[in-house]
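In what follows, a single structure is set out as structure tokens and then discussed.
What follows is the structure, encoded as structure tokens:
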């Protein structure tokens, strides 16, 4: 018989297995203790259940509701508001291409199109091997590194269609991939746990890729009388600035 | 044309040691006057501290430019309610990219500022609400907060003063609207991030209905330097009404995008002058002074002083000082369509003008961009934007109207071209970062190119 959804109430979601539940409850209590009011822990707890299953399931919603004394409807209302929570199973690596205006114009649109063709998937879809979920994202506060690609919310700056294709090939082949700013990639689930407020304990993760990125240092270097660092010096301004005079001055 | 030297134009304070090894650590921060401001603050009475920050003239760096000290002063004292400081680290305004590198390279400046602010407003629990999509930054904040607890800058009886402060790091989950301070508070309370009606303002009824200060990252991180070097030093930069230094973020079709810290009032011409200008062979067409919600400016506005009053007088807003520069290869209709799609996507749905208005703007703009628009659509765009602007529940609606109004004002012919030419006359391939990689321009061509 065809499974027809009539909008009828579903049976309550199944609970986690006892050992998982016990572990998550301990984590949840630690999160809740950080706030004067327990409900403030809802966003981190949603990250936590996403870290367990890769997306927010009905079981996860039930868990959050029970821990915070809320109804599942209240939890669902919140979780569906925020774009970082996934509603369906997705890949180990979330590849997000910024297509807000500045990155789009600088090449983000071309990168997204190239990746869609290369991977044979559309926006929000996952490759068959379960490795990559591709999506376009909004401005990620790295406009001086445009065009930007994020993988599991680590920065891959100054991308091109070629570099982005190489990136997803490496990820699918299981090769180690390091961002331009951030730590060597962990899986989406592990990233979600950091977001829940549990610091990344991998050795070297905090130090990875050093201090500020090159574009962040351009002004400082100039102020110190140095040349801009290599890599950002796209225009070789050694022969003087190319500032454009206002219209009325004419040329 | 004479060009000021970079040393004269720029004034690195927050970014002064970002190039040092391990700049994000407590050890490096301490080598650069780190937590000296806090020591001085603890020697003062909280009310005097508030007065100092007020007298310095520091204004909010998150966009609105409200005086920071005044926000602190609004917190009622002796009211027996808990007070809270919430740092808005939800940097999401398109083009804005200053707080993220600041927290990545030097998170301790923020933490020191937080302790000072909490001591001033008599708060014992602070929160950093950082957007979730920046895990490398979250890592550094987690690390810095742990270091600060370890060193006795957070926790019980800080530095033996008897002052207690807990600091909670809270990651958001993807919602531009949570940068609006009351939506941020709702989100931090575990709800959908929707703005609240004001009054009551957060200073009276903020987090958990208690007196709350919500400050931007850069505002708070600027406070320790004022303590260390004094308000006169701070006022020696910028103007009477817009004193001090700030981070300008140059991005787009410029030779050297990046962070440029300078006294308020610097001009885009000066910043381009020291940084190599636009990319060779191209000229500036339009730019935003402070993110996509601030009305567009053009190459007529290169000499506008980039402070609160100067940009306001030019018909825009200083906003977040996100200087997104687009050259003549860029289609303004495409740019505005994309921003409008962003506002429609991020509209929280609470109020009708913004929810419905941004939806209809997108439909019209997509038609125009695809060559299916009509001439009367241009007036309709203006009309819809007018029905959003000032009539929405929060500033997101006003922000959505800004690119529409300003682009129609300066580039109406370009919209008309899309209508009469039944399509976009621009080649997007020419706008990409790699478009000119095979061409070799000389600097002189760069100056002369139209």
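Chains as they are written, first to last, in the working numbering: chain A, 1 to 251; chain B, 1001 to 1450. Each residue gets a CB set at the ideal place from its N, CA and C atoms; glycine is no exception.
So, does the CB of residue i fall closer than 7 Å to a CB anywhere in chain A?
i                       : result
residue 1438 of chain B : no
residue 1330 of chain B : yes
residue 1432 of chain B : yes
residue 1135 of chain B : yes
residue 1249 of chain B : yes
residue 1101 of chain B : yes
residue 1010 of chain B : yes
residue 1150 of chain B : no
residue 1168 of chain B : yes
residue 1007 of chain B : yes
residue 1342 of chain B : yes
residue 1004 of chain B : no
residue 1032 of chain B : no
Provide the residue span of the beta strand (DSSP E) that contains residue i, from first to last.
i                       : result
residue 177 of chain A  : Looking at the DSSP string, residue 177 of chain A is not in any beta strand (DSSP E), and its letter there is neither H nor E.
residue 1169 of chain B : 1166-1171
residue 154 of chain A  : 154-156
residue 1249 of chain B : 1245-1252
residue 133 of chain A  : 132-137
residue 1075 of chain B : First-last for residue 1075 of chain B: undefined, no H or E at that position.
residue 1125 of chain B : 1125-1130
residue 1391 of chain B : Where residue 1391 of chain B is concerned, there is no enclosing beta strand (DSSP E), given that its DSSP letter is neither H nor E.
Can you tell me whether residue i is helix, strand or coil according to DSSP?
i                       : result
residue 1378 of chain B : helix
residue 90 of chain A   : coil
residue 230 of chain A  : Because residue 230 of chain A carries a pLDDT of 48, less than 50, the predicted location of this residue cannot be relied on, and the following value inherits that uncertainty. In the structure shown, residue 230 of chain A sits in coil (DSSP, three-state: anything other than H, G, I, E or B).
residue 161 of chain A  : helix
residue 126 of chain A  : strand
residue 1036 of chain B : helix
residue 1163 of chain B : coil
residue 1153 of chain B : coil
Using a Cβ-Cβ distance cut-off of 7 Å, determine whether residue i contacts chain B.
i                      : result
residue 54 of chain A  : no
residue 138 of chain A : yes
residue 230 of chain A : At residue 230 of chain A, the pLDDT of 48 sits below 50, so the modelled position is not reliable and the matter cannot be decided from this model.
residue 104 of chain A : yes
residue 195 of chain A : yes
residue 204 of chain A : no
residue 81 of chain A  : yes
residue 27 of chain A  : no
Rounded to whole angstroms, what's the CA-CA distance from residue i to residue j? Just pull it up for me.
i                       : j                       : result
residue 57 of chain A   : residue 15 of chain A   : 11 Å
residue 1118 of chain B : residue 34 of chain A   : 17 Å
residue 204 of chain A  : residue 1034 of chain B : 24 Å
residue 1390 of chain B : residue 1284 of chain B : 30 Å
residue 123 of chain A  : residue 1181 of chain B : 31 Å
residue 1261 of chain B : residue 1010 of chain B : 6 Å
residue 1031 of chain B : residue 1349 of chain B : 48 Å
residue 1038 of chain B : residue 163 of chain A  : 45 Å
residue 240 of chain A  : residue 1279 of chain B : No answer about residue 240 of chain A holds up, because its pLDDT of 40 lies below 50 and its placement is not dependable.
residue 1400 of chain B : residue 1160 of chain B : 49 Å
residue 1014 of chain B : residue 1028 of chain B : 13 Å
residue 193 of chain A  : residue 1172 of chain B : 13 Å
residue 26 of chain A   : residue 188 of chain A  : 22 Å
residue 1004 of chain B : residue 44 of chain A   : 49 Å
residue 12 of chain A   : residue 59 of chain A   : 9 Å
residue 81 of chain A   : residue 49 of chain A   : 16 Å
residue 6 of chain A    : residue 88 of chain A   : 21 Å
residue 1334 of chain B : residue 1343 of chain B : 14 Å
residue 1101 of chain B : residue 1134 of chain B : 10 Å
residue 1024 of chain B : residue 1317 of chain B : 32 Å
residue 1228 of chain B : residue 1021 of chain B : 23 Å
residue 1442 of chain B : residue 1269 of chain B : Note that residue 1442 of chain B scores 38 on pLDDT, short of 50, meaning its location in the model is unreliable and no value can be drawn from it.
residue 174 of chain A  : residue 150 of chain A  : 18 Å
residue 93 of chain A   : residue 182 of chain A  : 15 Å
residue 1146 of chain B : residue 206 of chain A  : 12 Å
residue 234 of chain A  : residue 1256 of chain B : With a pLDDT of 40 at residue 234 of chain A, under the threshold of 50, the predicted position of this residue should be treated as unreliable, though the coordinate-derived value follows. Rounded to whole angstroms, residue 234 of chain A to residue 1256 of chain B spans 7 Å at the Cα level.
residue 1337 of chain B : residue 1387 of chain B : 18 Å
Could you pull the start and end residues of the alpha helix (DSSP H) that residue i belongs to?
i                       : result
residue 67 of chain A   : 58-68
residue 1008 of chain B : 1006-1009
residue 1354 of chain B : 1352-1369
By the criterion of Cβ-Cβ separation under 9 Å, what are the contact partners of residue i in chain C?
i                     : result
residue 47 of chain A : Of the protein chains in the structure, A and B, none is chain C.
> Just by C-beta distance, which residues in the region 1066-1099 of chain B are closer than 9 Å to chain A?
Replying inline: So the list reads 1082, 1084, 1091, 1092, 1093, 1094, 1095, 1096, 1097, 1098, 1099, given in the order they occur along the chain.
> Any residues in the region 1184-1199 of chain B with a beta carbon nearer than 9 Å to a beta carbon of chain A? Which ones, in chain order?
Replying inline: Residues of the region 1184-1199 of chain B that bring their beta carbon within less than 9 Å of a beta carbon in chain A comprise 1187, 1188, 1189, 1190, 1191, 1192, 1193, 1194, in sequence order.
> Of all the residues that make up the region 1256-1269 of chain B, which are near chain A by a beta-carbon distance shorter than 7 Å?
Replying inline: Of all residues in the region 1256-1269 of chain B, 1256, 1257, 1258, 1259, 1260, 1261, 1269 have a Cβ within less than 7 Å of some Cβ in chain A.
> Which residues, taken in chain order from the region 1117-1131 of chain B, show a beta carbon closer than 8 Å to some beta carbon of chain A?
Replying inline: Correct list: 1125, 1131.
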